[in-house]
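A.B. asks: Mind looking over this structure? Questions follow.
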Amino acid sequence: MDLAEFEKHFGDLYQQFDYEDGAGTKPAMTPPAEATDPTIYSKNVYLGVDPLETDLGTELARKHNLDVTKDAAEIDLTDVSGRELDAWGEFAGEFTARAIDEDVDLSDAAYIDDTSELYVKYPSGSNLVAADDHLAPAAREPDTVIELLPIDPQDLEYFKSFMDHYLRCQIRDSFVEMGVHPPEEFCVIGLGRFMAARGYDYVDFYPEFHKTKSDAFA
Numbered sequence: 003m004d005l006a007e008f009e010k011h012f013g014d015l016y017q018q019f020d021y022e023d024g025a026g027t028k029p030a031m032t033p034p035a036e037a038t039d040p041t042i043y044s045k046n047v048y049l050g051v052d053p054l055e056t057d058l059g060t061e062l063a064r065k066h067n068l069d070v071t072k073d074a075a076e077i078d079l080t081d082v083s084g085r086e087l088d089a090w091g092e093f094a095g096e097f098t099a100r101a102i103d104e105d106v107d108l109s110d111a112a113y114i115d116d117t118s119e120l121y122v123k124y125p126s127g128s129n130l131v132a133a134d135d136h137l138a139p140a141a142r143e144p145d146t147v148i149e150l151l152p153i154d155p156q157d158l159e160y161f162k163s164f165m166d167h168y169l170r171c172q173i174r175d176s177f178v179e180m181g182v183h184p185p186e187e188f189c190v191i192g193l194g195r196f197m198a199a200r201g202y203d204y205v206d207f208y209p210e211f212h213k214t215k216s217d218a219f220a
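To convert a position in the sequence shown, counted from 1, into the working numbering, add 2.
Written as structure tokens, this is what we have:
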């Protein structure tokens with residue numbers, strides 16, 4: 003993801019942290035009365051999969067004689083014939099079925115398709131709950147949720163690298179909760195999912211993956 007795409011999805015979070023750190027002049031939002039101090043800022047993240055970033059997708063595009071040389075944004079849908087629409091439908095159905103049957107690795111084809119507005123959560127029992135309901139209803143559940151206390155975001159390039167590391171920590175937490183050792187690229191130390199960190203603090207058999215001086219993967 004380039005810096006412009008990152009800013010499109012996470013620019014409001016950067017703006018809020020920059021303001022709270024004292025460098026910014028305008029917040030992205032005003033925390034509601036229910037917010038904790040410090041505030042837990044959240045964004046829902048929705049992933050997509052570009053099948054043409056896979057060998058299977060390329061193979062099926064050739065099979066169905068699909069022109070994949072143009073970016074989707076460049077295509078005028080009024081110029082797409084019914085035959086082409088049918089071919090894309092057949093492509094999508096076959097790709098989905100074979101990706102499942104053949105257990106195709108889609109990790110390199112995944113991308114951030116959309117993110118929600120910035121909102122606030124607060125602890126309630128063993129969960130974090132939204133402090134307000136201003137978000138528009140979504141068509142599906144998010145693939146992950148950003149839950150962060152304010153940090154010094156420095157500049158946008160630094161914040162992008164911070165978010166990359168943070169999301170790797172979230173993936174690490176998912177493996178740990180399943181009782182599976184994370185793959186090497188996710189053997190990272192730092193705060194990931196907020197409630198997972200509480201588990202590392204209070205459950206003795208979990209290493210302290212969320213603490214910067216932890217030697218959990220040493």
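Ideal Cβ positions, reconstructed from N, Cα and C, are used throughout, including at glycine.
With H, G and I counted as helix, E and B as strand and the rest as coil, what does DSSP make of residue 75?
C.D. replies: Locating residue 75 in the sequence shown gives position 73, where the first residue counts as 1. Low confidence applies here, because residue 75 scores a pLDDT of 46, under 50, leaving its location unreliable; read the following figure in that light. Helix at residue 75.
A.B. asks: Using a Cβ-Cβ cutoff of less than 8 Å, which residues in the same chain neighbour residue 89 once the five nearest sequence positions on both sides are dropped?
C.D. replies: Position 87 of the sequence shown, counting from 1, holds the residue named residue 89. Once the five neighbours on either side are set aside, the close Cβ partners of residue 89 are 66, 67 and 68.
A.B. asks: What does a CB cutoff of less than 7 Å around residue 223 pick up in its chain, not counting 5 residues either side in sequence?
C.D. replies: The structure shown does not extend to residue 223, since the chain spans only 3 to 220, so no value can be given for it.
A.B. asks: Taking its Cβ as the centre, do 16 or more other Cβ atoms sit within 10 Å of residue 184, making it buried, or is it exposed?
C.D. replies: If you number the sequence shown from 1, residue 184 lands on position 182. Answer is buried; the Cβ neighbour count reaches 16.
A.B. asks: Which term fits residue 15, buried or exposed, when burial requires 16 or more other beta carbons within 10 angstroms of its beta carbon?
C.D. replies: By one-based count along the sequence shown, residue 15 stands at place 13. Answer is buried; the Cβ neighbour count reaches 16.
A.B. asks: Are residue 120 and residue 30 closer than 8 Å when you measure CB to CB?
C.D. replies: Translated into the one-based positions of the sequence shown, residue 120 becomes position 118. Translated into the one-based positions of the sequence shown, residue 30 becomes position 28. Yes, they are a contact pair.
A.B. asks: Should the region 110-126 be called in touch with the region 37-52, which here means at least 3 C-beta pairs below 8 Å?
C.D. replies: The region 110-126, when compared against the region 37-52, does touch it at the 8 Å Cβ threshold.
A.B. asks: Considering only C-alpha positions, which residue in the set 190, 86, 4 and 162 is nearest to residue 174?
C.D. replies: As a first step, residue 174 is located in the sequence shown; it is residue number 172 there, counting from the start. The residue with the shortest Cα to Cα distance from residue 174 is 190.
A.B. asks: Near residue 11, which residues of its chain fall below 7 Å by C-beta distance, leaving aside the five closest residues on each side in sequence?
C.D. replies: Residue numbering aside, residue 11 sits at position 9 when the sequence shown is read from its first letter. Cβ within range, chain order: 114 and 117.
A.B. asks: In angstroms with no decimal places, state the Cα-to-Cα distance between residue 18 and residue 102.
C.D. replies: Start at 1 with the first residue of the sequence shown, and residue 18 comes out as number 16. Start at 1 with the first residue of the sequence shown, and residue 102 comes out as number 100. Going by the C-alpha atoms only, they are around 40 Å apart.
A.B. asks: Roughly how many angstroms lie between the CA atoms of residue 13 and residue 32, to the nearest whole one?
C.D. replies: As a position in the sequence shown, residue 13 is number 11, starting the count at 1. As a position in the sequence shown, residue 32 is number 30, starting the count at 1. Taking the straight line joining both Cα atoms gives about 16 Å.
A.B. asks: Would DSSP call residue 173 helix, strand or coil?
C.D. replies: By one-based count along the sequence shown, residue 173 stands at place 171. Helix at residue 173.
A.B. asks: Since residue 146 is in the alpha helix (DSSP H), which residue starts that stretch and which ends it?
C.D. replies: Sequence index remark: in the sequence shown, residue 146 carries index 144 (1-based). Not the alpha helix (DSSP H): residue 146 falls in the beta strand (DSSP E), residues 146-150.
A.B. asks: How many angstroms separate the CA atom of residue 151 from the CA atom of residue 3?
C.D. replies: Counting from 1 along the sequence shown, the entry for residue 151 is found at position 149. Counting from 1 along the sequence shown, the entry for residue 3 is found at position 1. Those two C-alpha atoms are separated by around 24 Å.
A.B. asks: Just how far apart, CA to CA, sit residue 145 and residue 186?
C.D. replies: The residue you call residue 145 lines up with position 143 of the sequence shown. The residue you call residue 186 lines up with position 184 of the sequence shown. Straight-line Cα distance between these residues: approximately 22 Å.
A.B. asks: Where residue 75 and residue 85 are concerned, what is the direct C-alpha to C-alpha distance, given to the nearest angstrom?
C.D. replies: Sequence index remark: in the sequence shown, residue 75 carries index 73 (1-based). Sequence index remark: in the sequence shown, residue 85 carries index 83 (1-based). Interpretation of residue 75 is limited by its pLDDT of 46, a score under 50 that renders its predicted location unreliable; no figure is taken from the coordinates.
A.B. asks: On the criterion of 16 or more Cβ atoms from any shown chain inside 10 Å, does residue 193 qualify as buried, or is it exposed?
C.D. replies: Reading the sequence shown from its first residue, position 191 is the one you call residue 193. Its Cβ being crowded by 16 or more others within 10 Å, residue 193 is buried.
A.B. asks: Kindly indicate which three-state DSSP category residue 191 falls into: helix, strand or coil?
C.D. replies: To locate residue 191, count along the sequence shown from 1; it is residue 189. Residue state, collapsed to three classes: coil.
A.B. asks: Just checking: is the beta-carbon of residue 33 within a distance shorter than 8 Å of some beta-carbon in chain D?
C.D. replies: Among the chains in the structure shown there is no chain D, since it carries only a single protein chain.
A.B. asks: Could you check if residue 27 is buried or exposed, using at least 16 other CB atoms within 10 Å of its CB as the buried criterion?
C.D. replies: Position 25 of the sequence shown, counting from 1, holds the residue named residue 27. Looking at its Cβ environment, which holds fewer than 16 other Cβ atoms inside 10 Å, residue 27 is exposed.
A.B. asks: So the candidates are 56, 143, 130 and 140; which of them puts its Cα closest to the Cα of residue 104?
C.D. replies: Against the sequence shown, residue 104 aligns to sequence position 102. The option with the nearest alpha carbon to residue 104 is 56.
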